[in-house]
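Q:
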Amino acid sequence: MTPFVLACVMGAAILHAGWNAVLRGGGDQLWSMTLMMIAVACVSAFAQIFVPFPNAASLPYVVASAIIHTIYNLSLVQTYRSGDLGETYPISRGSSPVLVALGAMIFAHEELSVMSCVGIGLVSAGILSLAFQNKTMRTDFLPAAFLTGLLIGAYTVVDGIGVRLSGSSLSYSTTTFLLWSITMPVIYYLVRGKIPIYNRTETIAPVVGGLVSILAYGIVIWAMQYGEMGVVSALRETSVVY
Numbered sequence: 051m052t053p054f055v056l057a058c059v060m061g062a063a064i065l066h067a068g069w070n071a072v073l074r075g076g077g078d079q080l081w082s083m084t085l086m087m088i089a090v091a092c093v094s095a096f097a098q099i100f101v102p103f104p105n106a107a108s109l110p111y112v113v114a115s116a117i118i119h120t121i122y123n124l125s126l127v128q129t130y131r132s133g134d135l136g137e138t139y140p141i142s143r144g145s146s147p148v149l150v151a152l153g154a155m156i157f158a159h160e161e162l163s164v165m166s167c168v169g170i171g172l173v174s175a176g177i178l179s180l181a182f183q184n185k186t187m188r189t190d191f192l193p194a195a196f197l198t199g200l201l202i203g204a205y206t207v208v209d210g211i212g213v214r215l216s217g218s219s220l221s222y223s224t225t226t227f228l229l230w231s232i233t234m235p236v237i238y239y240l241v242r243g244k245i246p247i248y249n250r251t252e253t254i255a256p257v258v259g260g261l262v263s264i265l266a267y268g269i270v271i272w273a274m275q276y277g278e279m280g281v282v283s284a285l286r287e288t289s290v291v292y
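With the numbering used here as the guide, the letters of the sequence shown map in order to residues 51 to 292.
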């Protein structure tokens with residue numbers, strides 16, 4: 051991985067922390083997530099006018115990513131409802147780099163050096179430890195937090211393989227973003243049946259968060275063309291320190 055790619059992933063980590071803070075800070079996380087996905091859908095649909103579809107070989111991964119991301123979005127909402135950001139975020143994000151590294155070795159036949167394995171392990175352990183600094187920490191949110199981490203690992207590996215088959219990270223990203231973003235408004239309508247009324251601030255913040263999320267994960271998808279998935283994932287999850 052070149053220094054430029056590394057710097058981009060670290061920048062994506064900062065952006066990632068930002069949109070997660072917006073989601074956790076919202077009064078209604080399900081509606082905030084839906085607004086984020088509406089913003090993602092609008093930008094992705096517009097981009098599709100100018101960006102060609104990815105190679106056919108990557109399309110099964112696009113579909114798989116959309117399914118996993120939809121489940122992840124719902125799991126993330128539940129996680130943030132059940133626990134404090136300072137506890138849930140480190141567990142969800144800290145558990146995923148090791149899972150990504152293992153998944154990449156099994157499904158993408160990636161080979162990691164000993165130093166890379168040690169580094170990924172240390173990053174995961176360090177991030178996870180942040181969640182357990184409070185001796186009075188509740189444990190009821192742990193299943194949801196670890197499920198979210200598992201889903202992060204799953205979609206990261208799927209997207210890492212998919213983008214390498216796509217021929218263009220931009221084509222893969224826009225198609226994937228469009229497919230999984232349009233599911234949330236449908237789910238929201240099925241669950242709630244009506245659109246809530248909030249003030250402008252509570253509407254604008256999630257929309258901006260959605261736009262930030264596109265850039266943050268788009269960079270990660272692009273970077274997985276040039277570096278091992280586990281390493282990219284570990285760098286991204288340093289977002290917890292921000």
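For glycine and all other residues, C-beta sits at the position ideal for the given N, C-alpha and C.
Just so it is clear, the structure is predicted and the values come from calculations on it, not from any experiment.
What did DSSP end up calling residue 140 once you bin it into helix, strand or coil?
A: Here residue 140 refers to the residue found at position 90 when the sequence shown is read from its first residue. Helix.
Q: Within the same chain, show all residues whose beta-carbon is closer than 6 Å to that of residue 272, passing over the 5 residues directly before and after it, in chain order.
A: The residue you call residue 272 lines up with position 222 of the sequence shown. Correct list, in chain order: 219.
Q: Given this structure, state the Cα-to-Cα distance separating residue 136 from residue 144, to the nearest angstrom.
A: Indexing the sequence shown from 1 puts residue 136 at position 86. Indexing the sequence shown from 1 puts residue 144 at position 94. Those two C-alpha atoms are separated by around 12 Å.
Q: May I ask which residues mark the beginning and end of the alpha helix (DSSP H) holding residue 53?
A: By one-based count along the sequence shown, residue 53 stands at place 3. Per DSSP, residue 53 belongs to the alpha helix (DSSP H) from 53-75.
Q: When you compare each of 165, 178, 89 to residue 287 by their alpha carbons, which one comes out closest?
A: Locating residue 287 in the sequence shown gives position 237, counting from the first residue. Minimum Cα distance to residue 287 is reached at 178.
Q: On the criterion of 16 or more Cβ atoms from any shown chain inside 10 Å, does residue 172 qualify as buried, or is it exposed?
A: Start at 1 with the first residue of the sequence shown, and residue 172 comes out as number 122. It is exposed - the Cβ of residue 172 has fewer than 16 other Cβ atoms within 10 Å.
Q: To the nearest angstrom, how far is the alpha carbon of residue 142 from that of residue 100?
A: Along the sequence shown, read from residue 1 onward, the residue named residue 142 stands at position 92. Along the sequence shown, read from residue 1 onward, the residue named residue 100 stands at position 50. Rounded to whole angstroms, residue 142 and residue 100 show a C-alpha spacing of 35 Å.
Q: Nearest-angstrom Cα distance between residue 196 and residue 89?
A: Indexing the sequence shown from 1 puts residue 196 at position 146. Indexing the sequence shown from 1 puts residue 89 at position 39. C-alpha separation (whole angstroms): 27 Å.
Q: Note the first and the last residue of the continuous alpha helix (DSSP H) segment covering residue 162.
A: Taking the first residue of the sequence shown as 1, we reach residue 162 at position 112. Taken as a continuous stretch (DSSP letters only), residue 162 belongs to no alpha helix (DSSP H), as it is neither H nor E.
Q: Are residue 228 and residue 95 close, meaning C-beta to C-beta below 8 Å?
A: Within the sequence shown, the letter at position 178 stands for residue 228. Within the sequence shown, the letter at position 45 stands for residue 95. Yes. Within cutoff.
Q: Assign residue 127 to buried or exposed, taking buried as 16 or more other Cβ atoms, counted over all protein chains shown, within 10 Å of its Cβ.
A: As a working mapping, residue 127 is identified with position 77 in the sequence shown. Buried, by the Cβ-count rule.
Q: Using the Cβ count rule (16 or more neighbours within 10 Å means buried), how would you classify residue 201?
A: As a working mapping, residue 201 is identified with position 151 in the sequence shown. With 16 or more Cβ atoms within 10 Å of its Cβ, residue 201 is classed as buried.
Q: With a threshold of 16 other CB atoms inside 10 Å of the CB of residue 191, please say whether the residue is buried or exposed.
A: The residue labelled residue 191 in the question sits at position 141 within the sequence shown. Residue 191 should be labelled buried.
Q: Note down, in chain order, each residue of its chain lying with its Cβ closer than 8 Å to the Cβ of residue 224, except the 5 sequence neighbours on either side.
A: Reading the sequence shown from its first residue, position 174 is the one you call residue 224. The residues are 94, 97, 98, 101.
Q: Taking the alpha carbon of residue 181 as the reference point, which residue from 285, 70, 111, 138 has its own alpha carbon closest?
A: Residue mapping note: residue 181 aligns to position 131 of the sequence shown, counting from 1. Looking at the Cα atoms, 138 is the closest of the given residues.
Q: In or out: residue 161 buried (at least 16 other Cβ within 10 Å) or exposed?
A: Against the sequence shown, residue 161 aligns to sequence position 111. Exposed is the call here.
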